[in-house]
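The structure appears right after this line, and notes come after that.
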Ligand SMILES: Nc1ncnc2c1ncn2[C@@H]1O[C@H](COP(=O)(O)OP(=O)(O)OP(=O)(O)O)[C@@H](O)[C@H]1O
Ligand SMILES: [Mg+2]
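Protein chains in written order, with this note's numbering: chain A, 1 to 236; chain B, 1 to 303.
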């Protein structure tokens, strides 16, 4: 049972994410997707049942599980570079090494020229790229993403999805990716978890994960229809 | 929901090949806004006009209900001022007052921030400290003179104590509010990076609350001046306040005005210093175009 103290949201959820998998989570608004991610991050206490990582109960936030927030969570007084460097500072990485690592991550998300700017001097999409760089700079084992591209237009979003696939490649990070965009869920996920209002999850396998070319493949189209139908029957 | 999702599907599908938003060239750092010279001229003119009016009213010995007959003229005050500047006693008084106010204010700034943060973040600290502080808060610092005399071995410490009390409450209260108003997501971000309590305090709470704290510091330094001068007048242990009162008792009005001008100038100097330091520390605040000064800072007028 997951939720906030006094306000349980998810009852009877049973979900298992194997290492290295990208699990996308879709569900109607308010069904508890953010609650699920925050619990996985260790920010919310478990109200009942067990949440474990490697069979260890998960009780508090840890640098192993980075969270990319639905709303902008960059520290506004730190420059873009200093934001990306922060997880490395916390890990105690020596100055020279963390400078280089932060610069490298900024380059990977294409923001080298903006390193010295403040977050409010960037566009929304650029800020989300900084959040992505910041989350991955700490080399977490799991990345939890809460509708990271939700506020972006379709073009930018497609670019960000490509970028995400690119940067995840080679990190072997486990990803839980919450989205309300079915197309995004079908493209990015190895599996899709459909949350319903009661908090039970239906998990569907994705036939061609992260292959743009498979957008119109029969299996993909069928999956997309299936997801949309279940959402439709759950929706308000 | 279904239809909108399908529209999304179509448009996203078409833009598969789209690249990420093009990286804009780095814009030059925002041009530092300097106050243009006409505004300086206007400020100087306002000060000069006030002095001119004073001179006029006093040399003409105007008596229109308000009586300027006994009032020293600007030139008399300036003359006495020039004379005082050459004496060691003037500078000794000035150093005494500045030392007291800076000590009291520095203590108040540090303790105000620490206590305000503790109360805002810990229910235990709040339960332990709030009742006592809320009872003490309404007592004007200057009314603590008897307490100071009872408590402290010397006048000096008593005056610093009163100055401290005056500045402590504005700083503590503004810190408490600023810390409570922090966006939780900043703290959560640092927690999920593996940061602990001290990291959160140092990297999120203090920098995030700083714009609000600065408001309290700005008010605090002003109240400190009021109290340091009054305390000096009452307890008579030298300082600008003591000297001003002394001049009054021997009916040296130009001397009184020299004292008041000194207090005004010092007060202006210290609050400007606080404000400039604050602006340096909060350069990161997004500013609306045109209005450079931060809305968080309480702007103090010229004396
Ligand atoms: N701070 C809170 N205190 C109490 N209840 C909350 C709080 N935040 C959210 N809730 C409730 O918890 C439930 C789940 O919220 P949650 O944010 O997890 O939804 P979500 O699936 O992420 O929705 P969305 O897609 O709109 O982001 C909602 O019913 C919401 O009203
Ligand atoms: Mg949400």
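C-beta atoms are modelled at their ideal positions from N, C-alpha and C, and glycine is treated no differently. Every value quoted in this text rests on a predicted model; they were computed, and no experiment measured them.
Enclosing beta strand (DSSP E) for residue i [first to last residue]
{"i": "residue 146 (chain A)", "result": "142-146"}
{"i": "residue 8 (chain A)", "result": "7-10"}
{"i": "residue 192 (chain A)", "result": "191-195"}
{"i": "residue 22 (chain A)", "result": "22-26"}
{"i": "residue 39 (chain A)", "result": "Residue 39 (chain A) -> not in any beta strand (DSSP E); alpha helix (DSSP H) instead, spanning 33-41."}
{"i": "residue 176 (chain A)", "result": "174-178"}
{"i": "residue 65 (chain A)", "result": "65-68"}
Among the options, the one whose alpha carbon lies nearest that of residue i
{"i": "residue 55 (chain A)", "options": "A:170, A:126, A:19, A:8", "result": "A:19"}
{"i": "residue 253 (chain B)", "options": "B:36, B:69, B:46, B:47", "result": "B:69"}
{"i": "residue 240 (chain B)", "options": "B:259, B:225, B:129, B:255", "result": "B:259"}
{"i": "residue 110 (chain A)", "options": "A:66, A:176, A:4, A:166", "result": "A:166"}
{"i": "residue 108 (chain A)", "options": "A:90, A:133, A:148", "result": "A:133"}
{"i": "residue 271 (chain A)", "options": "A:91, A:206, A:171", "result": "The first residue shown for chain A is 1 and the last is 236, placing residue 271 (chain A) beyond what the model contains."}
{"i": "residue 179 (chain A)", "options": "A:3, A:5, A:58, A:68", "result": "A:68"}
{"i": "residue 117 (chain A)", "options": "A:58, A:76, A:206, A:210", "result": "A:76"}
{"i": "residue 109 (chain B)", "options": "B:278, B:284, B:286", "result": "B:278"}
{"i": "residue 265 (chain B)", "options": "B:41, B:73, B:67, B:97", "result": "B:97"}
{"i": "residue 313 (chain B)", "options": "B:133, B:186, B:275, B:93", "result": "In this structure chain B extends from 1 to 303, so residue 313 (chain B) is not present and cannot be described."}
{"i": "residue 50 (chain A)", "options": "A:12, A:28, A:188", "result": "A:12"}
{"i": "residue 379 (chain B)", "options": "B:117, B:169, B:103, B:134", "result": "Outside the displayed range of chain B (1 to 303) lies residue 379 (chain B), so it cannot be described from this structure."}
Rounded distance between the beta-carbons of residue j and residue i, thought under 8 angstroms
{"i": "residue 23 (chain A)", "j": "residue 219 (chain A)", "result": "Between residue 219 (chain A) and residue 23 (chain A) the Cβ distance is about 18 angstroms, and since that is not below 8 angstroms, they are no contact."}
{"i": "residue 136 (chain A)", "j": "residue 105 (chain A)", "result": "6 angstroms"}
{"i": "residue 263 (chain B)", "j": "residue 234 (chain B)", "result": "About 15 angstroms; that fails the 8 angstroms criterion."}
{"i": "residue 282 (chain B)", "j": "residue 191 (chain B)", "result": "At roughly 24 angstroms, the Cβ-Cβ gap does not stay under 8 angstroms, so residue 282 (chain B) and residue 191 (chain B) are not in contact."}
{"i": "residue 198 (chain B)", "j": "residue 101 (chain B)", "result": "So it is not a contact: roughly 31 angstroms between Cβ atoms."}
{"i": "residue 31 (chain A)", "j": "residue 195 (chain A)", "result": "5 angstroms"}
{"i": "residue 74 (chain A)", "j": "residue 126 (chain A)", "result": "The Cβ separation is near 10 angstroms, so there is no contact."}
{"i": "residue 91 (chain A)", "j": "residue 63 (chain A)", "result": "6 angstroms"}
{"i": "residue 171 (chain B)", "j": "residue 112 (chain B)", "result": "3 angstroms"}
{"i": "residue 175 (chain B)", "j": "residue 216 (chain B)", "result": "6 angstroms"}
Close-in-space but distant-in-sequence residues of the same chain around residue i (CB under 6 angstroms, 5 per side omitted)
{"i": "residue 141 (chain B)", "result": "162, 165, 166, 227"}
{"i": "residue 214 (chain A)", "result": "208, 220"}
{"i": "residue 128 (chain A)", "result": "148"}
{"i": "residue 233 (chain A)", "result": "none"}
Bounding residues of the alpha helix (DSSP H) (the contiguous stretch that carries residue i)
{"i": "residue 264 (chain B)", "result": "253-281"}
{"i": "residue 82 (chain A)", "result": "80-91"}
{"i": "residue 203 (chain A)", "result": "Element bounds for residue 203 (chain A): not the alpha helix (DSSP H) but the beta strand (DSSP E), 201-205."}
{"i": "residue 216 (chain B)", "result": "206-235"}
{"i": "residue 116 (chain A)", "result": "Residue 116 (chain A) -> no alpha helix (DSSP H), and no H or E assigned at all."}
{"i": "residue 99 (chain A)", "result": "95-108"}
{"i": "residue 124 (chain A)", "result": "124-137"}
{"i": "residue 103 (chain B)", "result": "88-121"}
{"i": "residue 188 (chain A)", "result": "182-188"}
{"i": "residue 48 (chain B)", "result": "37-59"}
Own chain, CB closer than 7 angstroms to residue i, minus 5 neighbours either side, in chain order
{"i": "residue 15 (chain A)", "result": "193, 201"}
{"i": "residue 168 (chain A)", "result": "175"}
{"i": "residue 126 (chain B)", "result": "119"}
{"i": "residue 60 (chain A)", "result": "42"}
{"i": "residue 51 (chain B)", "result": "74"}
Chain B contact residues for residue i, given Cβ-Cβ distances below 7 angstroms
{"i": "residue 196 (chain A)", "result": "Within chain B, no residue comes near residue 196 (chain A); the closest Cβ sits about 14 angstroms away, beyond 7 angstroms."}
{"i": "residue 62 (chain A)", "result": "194"}
{"i": "residue 138 (chain A)", "result": "193"}
{"i": "residue 37 (chain A)", "result": "Simply none; closest approach about 10 angstroms."}
Same chain only: Cβ atoms within 8 angstroms of residue i, ignoring 5 sequence neighbours per side
{"i": "residue 103 (chain A)", "result": "81, 112, 115"}
{"i": "residue 182 (chain A)", "result": "26, 224, 227, 228, 231"}
{"i": "residue 158 (chain B)", "result": "145, 148, 149, 151, 152, 231, 235"}
{"i": "residue 47 (chain A)", "result": "1, 2, 3, 5, 8"}
{"i": "residue 23 (chain B)", "result": "Low local confidence applies: a pLDDT of 40 at residue 23 (chain B) is under 50, so the model's placement there is unreliable, with the coordinate-based value given in what follows. Within the same chain, residue 23 (chain B) has no close Cβ partners at all."}
{"i": "residue 152 (chain A)", "result": "124, 125, 128, 160"}
{"i": "residue 203 (chain B)", "result": "190, 195"}
{"i": "residue 120 (chain A)", "result": "76"}
Interface residues of chain A facing residue i [CB-CB closer than 7 angstroms]
{"i": "residue 207 (chain B)", "result": "77"}
{"i": "residue 156 (chain B)", "result": "Residues of chain A passing the Cβ test: none, with the nearest at roughly 39 angstroms."}
{"i": "residue 185 (chain B)", "result": "69, 71, 73"}
Partner residues on chain B for residue i, Cβ-Cβ distance less than 9 angstroms
{"i": "residue 120 (chain A)", "result": "284, 285, 286"}
{"i": "residue 55 (chain A)", "result": "What residue 55 (chain A) touches in chain B: nothing, since even the nearest Cβ is about 21 angstroms away."}
Residues that residue i contacts on chain A, provided the C-beta gap is smaller than 8 angstroms
{"i": "residue 199 (chain B)", "result": "90"}
{"i": "residue 204 (chain B)", "result": "75"}
Partner residues on chain B for residue i, Cβ-Cβ distance less than 8 angstroms
{"i": "residue 87 (chain A)", "result": "193, 194"}
{"i": "residue 66 (chain A)", "result": "192, 193"}
{"i": "residue 43 (chain A)", "result": "188, 191, 192"}
Exercise for review: Measuring from each Cβ to the nearest heavy atom of ligand 3, keep the ones under 7 angstroms and list them in chain order.
Suggested key: No copy of ligand 3 occurs in the structure displayed; its ligands are ligand 1 and ligand 2 alone.
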